[in-house]
Amino acid sequence: MAASLRARTEPATATPEERQRAYRRFDLIVAVLLFFLFMGLYHVITILTVGDWDFWDDWKDSRWWLSFTPVVEIAMPAAILYIFWARFRLPFAATFLTLSLVVAEWINRVANMHGWAYFPLNFIWPATLIPCGLALDTTLLLTDSLLLAGIFGGFLWGVLFYLANWPLIAPFLAPVNLNGALMSIADLQGFHYIRTGTPEYIRIINRGTLRTFGQDPVYLSVAFAGFMSVVVYMAFIGVGWVFVRSQFSWLKKI
Amino acid sequence: MISSRTTPRAALRPALIALAFALLLPAVARAHGERSQEPSLRLSTIQWYDTTWSSQRINVNQELVVTGRFHIMGSWPLEIPSPETLTFLNLGVPGPVFIRAASEVDGVNGVSSMALRLGGDYAYRIVLRGRLPGRYHVHPMLDVLDAGAILGPGQWVTVVGDTASFNDWITTLTGRRLNLTSYGLRNVVGWHLVWIALAVVWLAYWVRKPLLMPRYEAVQAGEGDRLITRGDRMMAAAMLALTTVVAIVAYAVTNVANPVTIPLQSHQTKVPALDEPPANITIVPEQVTYLVPGRTVQFRLRVTNHGAQPVRLGEFTTANLRFLNASVAKPDPSYPPDLLAPAGLLVQPNRPIAAGESVEMYLEATSPVWETDRLTALMSDPTSRMGGLFMFFDPDGKRSIVEFSSSIVPTFTGHLEGEL
Numbered sequence: 001m002a003a004s005l006r007a008r009t010e011p012a013t014a015t016p017e018e019r020q021r022a023y024r025r026f027d028l029i030v031a032v033l034l035f036f037l038f039m040g041l042y043h044v045i046t047i048l049t050v051g052d053w054d055f056w057d058d059w060k061d062s063r064w065w066l067s068f069t070p071v072v073e074i075a076m077p078a079a080i081l082y083i084f085w086a087r088f089r090l091p092f093a094a095t096f097l098t099l100s101l102v103v104a105e106w107i108n109r110v111a112n113m114h115g116w117a118y119f120p121l122n123f124i125w126p127a128t129l130i131p132c133g134l135a136l137d138t139t140l141l142l143t144d145s146l147l148l149a150g151i152f153g154g155f156l157w158g159v160l161f162y163l164a165n166w167p168l169i170a171p172f173l174a175p176v177n178l179n180g181a182l183m184s185i186a187d188l189q190g191f192h193y194i195r196t197g198t199p200e201y202i203r204i205i206n207r208g209t210l211r212t213f214g215q216d217p218v219y220l221s222v223a224f225a226g227f228m229s230v231v232v233y234m235a236f237i238g239v240g241w242v243f244v245r246s247q248f249s250w251l252k253k254i
Numbered sequence: 255m256i257s258s259r260t261t262p263r264a265a266l267r268p269a270l271i272a273l274a275f276a277l278l279l280p281a282v283a284r285a286h287g288e289r290s291q292e293p294s295l296r297l298s299t300i301q302w303y304d305t306t307w308s309s310q311r312i313n314v315n316q317e318l319v320v321t322g323r324f325h326i327m328g329s330w331p332l333e334i335p336s337p338e339t340l341t342f343l344n345l346g347v348p349g350p351v352f353i354r355a356a357s358e359v360d361g362v363n364g365v366s367s368m369a370l371r372l373g374g375d376y377a378y379r380i381v382l383r384g385r386l387p388g389r390y391h392v393h394p395m396l397d398v399l400d401a402g403a404i405l406g407p408g409q410w411v412t413v414v415g416d417t418a419s420f421n422d423w424i425t426t427l428t429g430r431r432l433n434l435t436s437y438g439l440r441n442v443v444g445w446h447l448v449w450i451a452l453a454v455v456w457l458a459y460w461v462r463k464p465l466l467m468p469r470y471e472a473v474q475a476g477e478g479d480r481l482i483t484r485g486d487r488m489m490a491a492a493m494l495a496l497t498t499v500v501a502i503v504a505y506a507v508t509n510v511a512n513p514v515t516i517p518l519q520s521h522q523t524k525v526p527a528l529d530e531p532p533a534n535i536t537i538v539p540e541q542v543t544y545l546v547p548g549r550t551v552q553f554r555l556r557v558t559n560h561g562a563q564p565v566r567l568g569e570f571t572t573a574n575l576r577f578l579n580a581s582v583a584k585p586d587p588s589y590p591p592d593l594l595a596p597a598g599l600l601v602q603p604n605r606p607i608a609a610g611e612s613v614e615m616y617l618e619a620t621s622p623v624w625e626t627d628r629l630t631a632l633m634s635d636p637t638s639r640m641g642g643l644f645m646f647f648d649p650d651g652k653r654s655i656v657e658f659s660s661s662i663v664p665t666f667t668g669h670l671e672g673e674l
């Protein structure tokens, strides 16, 4: 009994191979835990900020959805990206996060909004941010600079959100006539599939004066999203920096 | 040694746990919280009347039509944002168990948000189609900007049939016919899978290498730059190019496949109230009390008939509750019985009010629903007021509706002094 309580005198891993195997197990455990952690955190942030713009087809407009979503959603990837890069030189944080988000969103939409609240899935599908994450990660690796990654990758983040999600939303923007009112299919879905807590007037869509610059506000929205994504990226790189300075003492102890 | 024999004490434990669960688990929700709305919202804002449901049992895909009228109180409480800004005719149901095929207010398409006039009466019509089998409480409802939903009366409607048989076919302006229940979903899922596959490729490229500890040690040793290889950069360049090309090509292909698209539409309009002749009857409240022990609202009113015909008081309605004077108005069998006061409306004097006559009337509206619908909670509202509609009928059956609003005082001791 007393022998088993004595401190070990030999290392836990005797050979480099054993050490590598231990590292891989550690990688696997951390990766799985982080995936679920990010699913929860990033999804909650998305629900609390983007919310209805991502929940419903008839909120996915050419102004607020396109500009607001990428600008808000780049915050957490920027902070995590800094941590992964500064401490591990790993350039996949944004992709990892956006993948975890889309998995969490589909689970929520299928189990909750479709399974419990009966909304058809073609009305409640989530947008994808994966191409934005890929662009941010790869520009970081290619430029080897957090600043340049922010400028080029951050701008691409905002622009790619529109390009990648246009194929998803466009079929729902075909025009229909409902008793004399011109509507898109997405609007019609919102009218048909009753939401007691979401009256028509509560939708924040296409409000503003961007159209005074031209007939279609999309391109201005996208350019604005790209520019603001760069700004938010820079701010949240700072958050990552603060986190690394304050929180990584525990890893040194390991 | 542990005995396998079950002792009475051991048997009691699961029974107690089961009892605790039975007591703690909520009962089945029978409606959706209409009784939890503040009394002032229900008594003093919108009065619903003439509500009908075309059926109480429909098949999947079959239509259900809800019609009726509502009166926007002219004495709308100052503390509640008014519907003169924006409202939306909605439906209080547990989710999209029906689809709303059409709706209108005074003939104006109900897809719009609407500005309504205080003191106005409006007729509405909502056409639904059964989607999911079940038994549902169906209310007409007005959403008022910044005030929230104000529910009309609810009726139980049963939908029967097969969920899978539900369809929602529409035709676009470009002539394409499609089923809204599943339209576009395959395209959405397909694109998500494409992007998920690309993400997995990028992550797999990195996960196959040692990740955390060796890299952390290298970075700490100042050898972080050595961790990025030429192969990594080539992979990154390829992924960036692939991502951009896929996005641009997808965008272009989508534009070709969907040549006609429009922005999301937001409709807002102003709806004129029904053009009805004003009621030639005035009501001046002298005293209104709520008799707590009797669950009775007592009115002492001065009623003046300015019209050319005698009239009789037939009904008082407020917060979707109907109090009928049995000698004048007959109950509508299709109206939800829980919203009809069994004791009706006591009217003294219960006789016609002659043309030009002014009479003091005493009324009693007695019903347990004042308590069960939590309307007596108005005593704890910052504004204790009672509103509603009085309905008078002339010998030809013509109805005159008079809005009523008054402060109300609780009484715990007895009937109004000087009862007629």
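If you read the protein sequences in the order shown, they are chains C and L.
With our numbering applied, the first sequence closes on residue 254, and no number is skipped along the way.
With our numbering applied, the second sequence closes on residue 674, and no number is skipped along the way.
Note that CB positions come from ideal geometry on N, CA and C, so glycine has one too.
message: Counting only C-beta atoms, is Ile45 of chain C closer than 8 Å to chain L at any point?
response: Within the first sequence, numbered from 1, the residue matching residue 45 of chain C stands at position 45. Interface flag for Ile45 of chain C against chain L is unset, since no Cβ pair is found closer than 8 Å.
- prompt: If you compare alpha carbons, which of L:Thr508, L:Leu340, L:Pro539 is closest to Gly438 of chain L?
  reply: Here residue 438 of chain L corresponds to residue number 184 of the second sequence, with the count starting at 1. Among L:Thr508, L:Leu340, L:Pro539, the Cα nearest to that of Gly438 of chain L is on L:Thr508.
task: Give the straight-line distance between the Cα atoms of Glu73 of chain C and Ser366 of chain L, rounded to the nearest whole angstrom.
output: Taking the first sequence and counting its residues from 1, the one referred to as residue 73 of chain C is at position 73. Taking the second sequence and counting its residues from 1, the one referred to as residue 366 of chain L is at position 112. Cα to Cα, Glu73 of chain C sits roughly 32 Å from Ser366 of chain L.
message: According to DSSP, simplified to helix, strand and coil, what is Asp397 of chain L?
response: Taking the second sequence and counting its residues from 1, the one referred to as residue 397 of chain L is at position 143. Collapsing the DSSP output to three states places Asp397 of chain L in a strand.
task: With 8 Å as the threshold, decide whether the Cβ of Arg21 of chain C is near any Cβ in chain L.
output: Here residue 21 of chain C refers to the residue found at position 21 when the first sequence is read from its first residue. By this cut-off, Arg21 of chain C is not an interface position.
message: Is there a C-beta anywhere in chain L that falls below 8 Å from the one on Leu173 of chain C?
response: Indexing the first sequence from 1 puts residue 173 of chain C at position 173. So yes, Leu173 of chain C belongs to the interface.
- prompt: According to DSSP, what are the bridge partners of Glu657 of chain L?
  reply: Working through the second sequence from its first residue, we reach residue 657 of chain L at position 403. Per DSSP, the beta bridge partners of Glu657 of chain L are L:Leu643.
Selected residue, minimal CA-CA separation from Ser336 of chain L, among L:Val454, L:Gly361, L:Met368: Residue 336 of chain L sits at position 82 when you count from the first residue of the second sequence. Cα-wise, what sits closest to Ser336 of chain L is L:Met368.
- request: Determine the chain C residues that contact Gly349 of chain L at a beta-carbon separation under 9 Å, and present them in chain order.
  value: Residue mapping note: residue 349 of chain L aligns to position 95 of the second sequence, counting from 1. The contacting residues are Trp116, Ala117, Tyr118, Phe119, Tyr193, Ile194, Arg195, Thr196.
- prompt: Can you list the residues of chain C that Phe644 of chain L reaches, using a CB-CB cut of under 7 Å?
  reply: Position 390 of the second sequence, counting from 1, holds the residue named residue 644 of chain L. Within 7 Å Cβ-Cβ: nothing; Phe644 of chain L doesn't reach chain C, min ~31 Å.
The stretch 497–531 of chain L: positions lying closer than 9 Å to chain C by Cβ: Residues Thr497, Thr498, Val500, Ala501, Ile502, Ala504, Tyr505, Val507, Thr508, Asn509, Ala511, Asn512, Val514, Thr515, Ile516, Pro517, Leu518, Gln519, Ser520, His521, Gln522.
field: Stretch-stretch touch, CB-based, cutoff 8 Å, three pairs: the stretch 95–102 of chain C with the stretch 110–124 of chain C
entry: In the pairwise beta carbon analysis, the stretch 95–102 of chain C is classified as not touching the stretch 110–124 of chain C: fewer than three pairs are separated by under 8 Å.
task: State the Cα-Cα distance for the pair Asp592 of chain L and Arg653 of chain L, rounded to the nearest angstrom.
output: If you number the second sequence from 1, residue 592 of chain L lands on position 338. If you number the second sequence from 1, residue 653 of chain L lands on position 399. Here the alpha carbons of Arg653 of chain L and Asp592 of chain L stand approximately 24 Å from one another.
field: Between the CA atoms of Met467 of chain L and Thr128 of chain C - distance to the nearest angstrom
entry: On the first sequence, residue 128 of chain C is found 128 positions in, with the first residue counted as 1. On the second sequence, residue 467 of chain L is found 213 positions in, with the first residue counted as 1. Roughly 31 Å between the two C-alpha positions.
query: Buried or exposed: where does Ala12 of chain C fall if 16 or more other Cβ atoms within 10 Å of its Cβ makes it buried?
result: Taking the first residue of the first sequence as position 1, residue 12 of chain C is located at position 12. Counting the other CB atoms within 10 Å of its CB gives Ala12 of chain C a total below 16, which places it among the exposed residues.
query: Using a C-beta cutoff of 8 Å, does Asn108 of chain C count as contacting chain L?
result: Working through the first sequence from its first residue, we reach residue 108 of chain C at position 108. The beta-carbon of Asn108 of chain C is placed no less than 8 Å from the nearest beta-carbon of chain L.
message: What residue range does the beta strand (DSSP E) around His325 of chain L cover?
response: Against the second sequence, residue 325 of chain L aligns to sequence position 71. It spans 317–326 - the beta strand (DSSP E) in which His325 of chain L sits, taken as one unbroken run.
- prompt: Who are the neighbours of Thr13 of chain C on chain L, taking C-beta pairs under 9 Å?
  reply: Against the first sequence, residue 13 of chain C aligns to sequence position 13. Simply none; closest approach about 11 Å.
field: Candidates L:Leu405, L:Thr305, L:Ala269, of which the one nearest Asp627 of chain L by Cα
entry: Taking the first residue of the second sequence as position 1, residue 627 of chain L is located at position 373. That would be L:Leu405, whose Cα lies nearest to the Cα of Asp627 of chain L.
task: Could you name the residues of chain C that Leu629 of chain L contacts, counting a contact when the two beta carbons are closer than 7 Å?
output: For the purposes of this step, residue 629 of chain L is taken as residue 375 along the second sequence, with counting starting at 1. Per Cβ cutoff of 7 Å: no residues; Leu629 of chain L is ~22 Å from chain C at best.
- request: Using 10 angstroms around the beta-carbon of Val499 of chain L, count the other beta-carbons present and answer buried if the total reaches 16, otherwise exposed.
  value: Residue 499 of chain L sits at position 245 when you count from the first residue of the second sequence. Val499 of chain L is exposed by the Cβ-count criterion.
- prompt: Quick one, which of L:Leu295, L:Val359, L:Leu266, L:Pro268 has its alpha-carbon nearest Thr630 of chain L's?
  reply: In the second sequence, counting from the first residue as 1, residue 630 of chain L sits at position 376. Between Thr630 of chain L and the set L:Leu295, L:Val359, L:Leu266, L:Pro268, the nearest pair of CA atoms involves L:Leu295.
task: May I have a chain-ordered list of the alpha helix (DSSP H) segments no shorter than 4 residues that lie completely inside the stretch 436–501 of chain L?
output: You should have 439–461, 466–474.
- request: Check the DSSP bridge columns for Arg245 of chain C and list the partner residues they point to.
  value: Numbered from its first residue, the first sequence carries residue 245 of chain C at position 245. According to DSSP, Arg245 of chain C bridges with nothing at all.
- request: Select from L:Val359, L:Ile300, L:Phe420, L:Gly476 the residue whose C-alpha is nearest the C-alpha of Glu317 of chain L.
  value: Position 63 of the second sequence, counted from the first residue, corresponds to residue 317 of chain L. Residue L:Phe420 is the option with its Cα nearest to Glu317 of chain L.
Interface flag, Ile74 of chain C vs chain L, CB-CB below 8 Å: The residue you call residue 74 of chain C lines up with position 74 of the first sequence. The beta carbon of Ile74 of chain C does not come within 8 Å of any beta carbon belonging to chain L, so the residue lies off that interface.
C-beta atoms of Ser62 of chain C and Ser229 of chain C nearer than 8 Å: Locating residue 62 of chain C in the first sequence gives position 62, where the first residue counts as 1. Locating residue 229 of chain C in the first sequence gives position 229, where the first residue counts as 1. No.
- prompt: Roughly how many angstroms lie between the CA atoms of Thr306 of chain L and Asn122 of chain C, to the nearest whole one?
  reply: If you number the second sequence from 1, residue 306 of chain L lands on position 52. If you number the first sequence from 1, residue 122 of chain C lands on position 122. Asn122 of chain C has its alpha-carbon roughly 33 Å from the corresponding atom of Thr306 of chain L.
task: Anything in the stretch 457–473 of chain L with a Cβ closer than 8 Å to a Cβ of chain C? List those residues in chain order, please.
output: Under the 8 Å Cβ criterion, the stretch 457–473 of chain L contributes Leu457, Trp460, Val461, Pro464, Leu465, Leu466, Met467, Pro468, Arg469, Tyr470, Ala472, Val473.
field: Entirely enclosed alpha helix (DSSP H) segments - the stretch 165–249 of chain C, minimum 4 residues
entry: Taking only runs of at least 4 residues, the alpha helix (DSSP H) segments lying wholly in the stretch 165–249 of chain C are 185–192, 218–247.
message: Is there a C-beta anywhere in chain C that falls below 8 Å from the one on His446 of chain L?
response: Within the second sequence, numbered from 1, the residue matching residue 446 of chain L stands at position 192. Under the Cβ criterion of 8 Å, His446 of chain L is counted among the residues facing chain C.
- request: Take every Cβ of the stretch 537–551 of chain L, pair it with every Cβ of the stretch 605–624 of chain L, and state whether three or more of those distances are shorter than 8 Å.
  value: At 8 Å Cβ cutoff, the stretches touch.
- prompt: So is Ala104 of chain C buried or exposed if we call it buried at 16+ other beta carbons inside 10 Å?
  reply: Your numbering for residue 104 of chain C matches position 104 in the first sequence. Ala104 of chain C is buried by the Cβ-count criterion.
query: Looking only at its own chain, which residues have a Cβ that is under 7 Å from the Cβ of Gly133 of chain C, when we skip the five neighbours before and after it?
result: Taking the first sequence and counting its residues from 1, one reaches residue 133 of chain C at position 133. Taken in chain order, the residues that qualify are Pro77, Ala94, Thr95, Leu97, Thr98.
query: Just the Cα atoms here: how many angstroms apart are Tyr459 of chain L and Leu340 of chain L?
result: As a first step, residue 459 of chain L is located in the second sequence; it is residue number 205 there, counting from the start. As a first step, residue 340 of chain L is located in the second sequence; it is residue number 86 there, counting from the start. Just so you know, the alpha carbons of Tyr459 of chain L and Leu340 of chain L end up roughly 54 Å apart.
message: For Gly373 of chain L, count the other beta carbons within 10 Å of its own beta carbon; 16 or more makes it buried, fewer makes it exposed. Which is it?
response: Within the second sequence, residue 373 of chain L is the residue found at index 119, counting from 1. Exposed, since its Cβ has fewer than 16 Cβ neighbours within 10 Å.
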